[in-house]
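Participant:
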């Protein structure tokens, strides 16, 4: 039973959706070139960049699994957020990789990779990035829809229709306005999303109380609920794996780095990173508290991923429920629009690069192709995410699909910027190793003959091995290439 | 000590996020105006050429 009231809360949600669509469509008249469509003409300044980055990187899926972390691990579940904040702060302050990346003037990471390693590696990198990105994104719609259905008390048979209508709305302004629409709507979504998150968190702290949250964690998880190093399911391997993962995400996750590439200059890009970094603590800790509250109120549940939405249904009153739903819709729409645009930009800029060479496409043709790509990605999301139900553990799925891309591209990007001896052999070896290990691990988990071994190794050691061996492959491959061949290239 | 750490971090997160939301909302609106004005100017400049 939910407190969602169609008149009061439905009106709040409806008003918010109309406002977003209007804003997204209004700016389409400023889109005259591909550069406007993909990187907003590189006119984005610091505060808009902060709002856009925060809104993009917080969707319903994020809220669900970070809350699940709070439910399963207590406060220690927020550790990945702290690690990501530290990574972003350090990289923002030092300009490590992001400064040369932005200064190069490229639109996507593979474009920079091409300058060092050639068009084939660029193409391979583009394919790996898009595959990992689209597979990763494929679950967003369904998970987001399930949250909304639970919280709003909607009949589950309407889930697919509801999410289809929402996706079409997002796709329309993304197709027409590109990055300009994404930035403006991200800004609105940031404000609404933040207001909802803060309001609900204050409500939880007032109703449940800090002491009860702490006692619940202590009773359920012991010291491990406060200290990840002593948590039986976490420990040092978890910390190291998440440190590597989040470092790689900050450097190479295309939706994150797109804010640097759309910034006026590298200095602005660095400021966006530095000033947004603490947001990633909030990103894990705030929903994490919601998850702990779910544990305190509901106790043990069958599906820990559903604990937080089930808790919200009992706690959030009419009026605030509308703001919460608008906030979550805001979070989801900003993520969907940014992600659709990001992967389409890599397809256009890198995978289609060989087909564009020598053809000299006009701006009009370029815009048409980009818009078509966004539409096709939207269709893929609908069928993959909604109409074809996924099976398996969500976080493992996200981790594997992410690491296939993150391990190799981060290694290649660092080598590209800072190691003169790096070459195409090393880059190719890194891509192969980075894809092979996580996929092998995932397959081993499923097969009867190898699943015990996979369990013994665990996802964290497998992940750490991926990053280390990917770096090793870059070094070994680069050194193996005779200098004479390298110089000819 | 761990409990104190999480209490401080939680308070910091809520306070920081609240302040930043208001600050970014005001400044971000200005950024949008400037961005659209700049794009308009560049577009008019290209038309004249």
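Protein chains in written order, with the working numbering: chain A, -6 to 482; chain B, -3 to 45. Where is the CB? At the ideal position from N, CA and C, for every residue including glycine.
Jot down the residue ranges of each uninterrupted alpha helix (DSSP H) in the segment 321 to 356 of chain A, minimum 4 residues, whole runs only, in chain order.
Facilitator: Segments of the alpha helix (DSSP H) lying fully in the segment 321 to 356 of chain A: 346 to 349.
Participant: Starting from the Cα of residue 457/A, find the closest Cα among 23/A, 397/A and 364/A and give me that residue.
Facilitator: Ranking 23/A, 397/A and 364/A by Cα distance to residue 457/A puts 397/A first.
Participant: Provide the residue span of the alpha helix (DSSP H) that contains residue 61/A, from first to last.
Facilitator: 53 to 66 is the extent of the alpha helix (DSSP H) around residue 61/A.
Participant: Residue 44/A CB to nearest chain B CB: under 8 Å?
Facilitator: So, interface residue.
Participant: Got a sec: is the Cβ-Cβ distance from residue 30/B to anything in chain A below 8 Å?
Facilitator: Residue 30/B counts as touching chain A.
Participant: So which residues of chain A does residue 10/B contact, with C-beta pairs closer than 7 Å?
Facilitator: The answer, in chain order, is 191 and 194.
Participant: Rounded to whole angstroms, how far is the Cβ of residue 495/A from the Cβ of residue 344/A, which I believe are closer than 8 Å?
Facilitator: Since the first residue of chain A shown is -6 and the last is 482, residue 495/A is not available in this structure.
Participant: Can you name the start and end residues of the alpha helix (DSSP H) that residue 508/A belongs to?
Facilitator: Outside the displayed span of chain A (-6 to 482) sits residue 508/A, for which this structure offers no information.
Participant: Out of 198/A, 250/A and 161/A, which one is the CA nearest neighbour of residue 105/A?
Facilitator: Selected option, being the one with the closest Cα: 250/A.
Participant: Excluding sequence positions up to five away, which residues of its chain have a Cβ less than 6 Å from the Cβ of residue 439/A?
Facilitator: Around residue 439/A: no qualifying Cβ.
Participant: Say whether chain B places a C-beta atom closer than 8 Å to the C-beta of residue 409/A.
Facilitator: Output row for residue 409/A: interface = no.
Participant: What does the Cβ neighbour count give for residue 301/A, buried or exposed, with the cut at 16 atoms within 10 Å?
Facilitator: Per the 10 Å Cβ criterion, buried.
Participant: How many angstroms separate the CA atom of residue 11/B from the CA atom of residue 469/A?
Facilitator: Their backbone Cα atoms lie some 48 Å apart in a straight line.
Participant: Straight-line CA distance for residue 200/A to residue 463/A?
Facilitator: Those two C-alpha atoms are separated by around 48 Å.
Participant: Give the residues from the segment 216 to 244 of chain A that approach chain B closer than 8 Å (Cβ to any Cβ), ordered along the chain.
Facilitator: Against chain B - using a Cβ distance shorter than 8 Å - the residues of the segment 216 to 244 of chain A are 216, 219 and 220.
Participant: Does residue 100/A get closer than 8 Å to chain B when you measure Cβ to Cβ?
Facilitator: Closer than 8 Å: no.
Participant: Residue 187/A versus chain B: which residues are under 7 Å apart at the beta carbon?
Facilitator: Within chain B, the residues near residue 187/A are 13 and 17.
Participant: Where does residue 44/A sit, in a helix, a strand or coil, going by DSSP?
Facilitator: Looking at residue 44/A - three-state DSSP - the assignment turns out to be helix.
Participant: For residue 161/A, count the other beta carbons within 10 Å of its own beta carbon; 16 or more makes it buried, fewer makes it exposed. Which is it?
Facilitator: When all chains shown are included, residue 161/A counts as exposed.
Participant: Going by C-alpha distance, which of 475/A, 142/A, 169/A and 217/A is nearest residue 363/A?
Facilitator: The candidate whose alpha carbon is nearest that of residue 363/A is 169/A.
Participant: Going by beta carbon distance, what residues of the same chain come within less than 6 Å of residue 263/A, once the five residues before and after it are set aside?
Facilitator: Closer than 6 Å at the Cβ level, and outside the excluded window around residue 263/A, lie 85 and 88.
Participant: Within 8 Å of any Cβ in chain B, is that where the Cβ of residue 18/A sits?
Facilitator: Closer than 8 Å: no.
Participant: Could you confirm whether any beta carbon from chain B is found closer than 8 Å to the beta carbon of residue 275/A?
Facilitator: Yes - at least one Cβ of chain B is within 8 Å of the one on residue 275/A.
Participant: For residue 129/A, decide whether its Cβ has a neighbour in chain B, counting only Cβ atoms nearer than 8 Å.
Facilitator: Chain B contact via Cβ: absent.
Participant: So what does DSSP say about residue 103/A, is it helix, strand or coil?
Facilitator: Here residue 103/A sits in helix by DSSP.
Participant: Note the first and the last residue of the continuous alpha helix (DSSP H) segment covering residue 375/A.
Facilitator: Careful: residue 375/A lies outside any alpha helix (DSSP H) and carries neither H nor E.
Participant: Just to confirm, are residue 144/A and residue -3/A a CB contact at a threshold of 8 Å?
Facilitator: Their beta carbons are under 8 Å apart, which means residue 144/A touches residue -3/A by this criterion.
Participant: For a test of the three-state rule: what should DSSP assign to residue 50/A, helix, strand or coil?
Facilitator: Note: residue 50/A maps to coil in three-state DSSP.
Participant: With distances taken Cα to Cα, identify the nearest neighbour of residue 471/A among 359/A, 412/A, 218/A and 434/A.
Facilitator: Answer by Cα proximity: 412/A.
Participant: Is it the case that the segment 51 to 71 of chain A contacts the segment 268 to 288 of chain A, given that we only count it when at least three CB pairs across the two stretches are under 8 Å?
Facilitator: Result yes; three or more Cβ-Cβ pairs closer than 8 Å.
Participant: Check this for me: beta carbons of residue 289/A and residue 209/A, under 8 Å apart or not?
Facilitator: It is a contact, given that the beta carbons lie within the stated cut-off.
Participant: Leaving out five residues on either side along the sequence, give the residues of the same chain with a beta carbon under 8 Å from the beta carbon of residue 140/A.
Facilitator: Result list for residue 140/A: 53, 56, 57, 302 and 321, in chain order.
Participant: Tell me whether residue 231/A sits in a helix, a strand or coil according to DSSP, three-state version.
Facilitator: Reduced to three states, the DSSP call for residue 231/A is helix.
Participant: So, using beta-carbon positions, are residue 259/A and residue 109/A closer together than 8 Å?
Facilitator: Cβ atoms of residue 259/A and residue 109/A: not closer than 8 Å.
Participant: Report all residues from its chain with a CB closer than 7 Å to the CB of residue 1/A; omit the five preceding and five following residues, and keep chain order.
Facilitator: Once the five neighbours on either side are set aside, the close Cβ partners of residue 1/A are 311, 312 and 315.
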